[in-house]
Amino acid sequence: MRILIPLMTLLAQPALAHPGHIAEVAGHGHWIALGAIGLAAVVGALGARKRAKEKAETAPDQEADAEPSAA
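Residue numbers (mature numbering (1 follows the signal peptide of the UniProt record, and there is no 0)): -17 to -1, 1 to 54.
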């Protein structure tokens, strides 16, 4: 039993799914799930873009604040 646990731990692989055959296998209800996944990806990308823009806008302010305190 002591040999099996490390062996199974090393051989374990994640169950990876892909949306390749959703239309063939799953039926119409899964198109909604596929749309939700796509919508989540778009919302995440927009959020990341907004966060990067806000970070770029606040970066010059932080540099200006840091200069007087360093002197």
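Virtual Cβ for every residue (Gly too), placed ideally from N, Cα, C.
Can you tell me which of the three DSSP states Ile(-15) falls into?
-> By one-based count along the sequence shown, residue -15 stands at place 3. Correct three-state label for Ile(-15): coil.
State the DSSP-derived secondary structure class of Ala(-6), mapped to helix, strand or coil.
-> As a working mapping, residue -6 is identified with position 12 in the sequence shown. If DSSP states are grouped into helix, strand and coil, Ala(-6) belongs with coil.
Work out the CA separation of Arg(-16) and Arg34 for me, nearest whole Å.
-> One-based indexing of the sequence shown puts residue 34 at position 51. One-based indexing of the sequence shown puts residue -16 at position 2. Straight-line Cα distance between these residues: approximately 49 Å.
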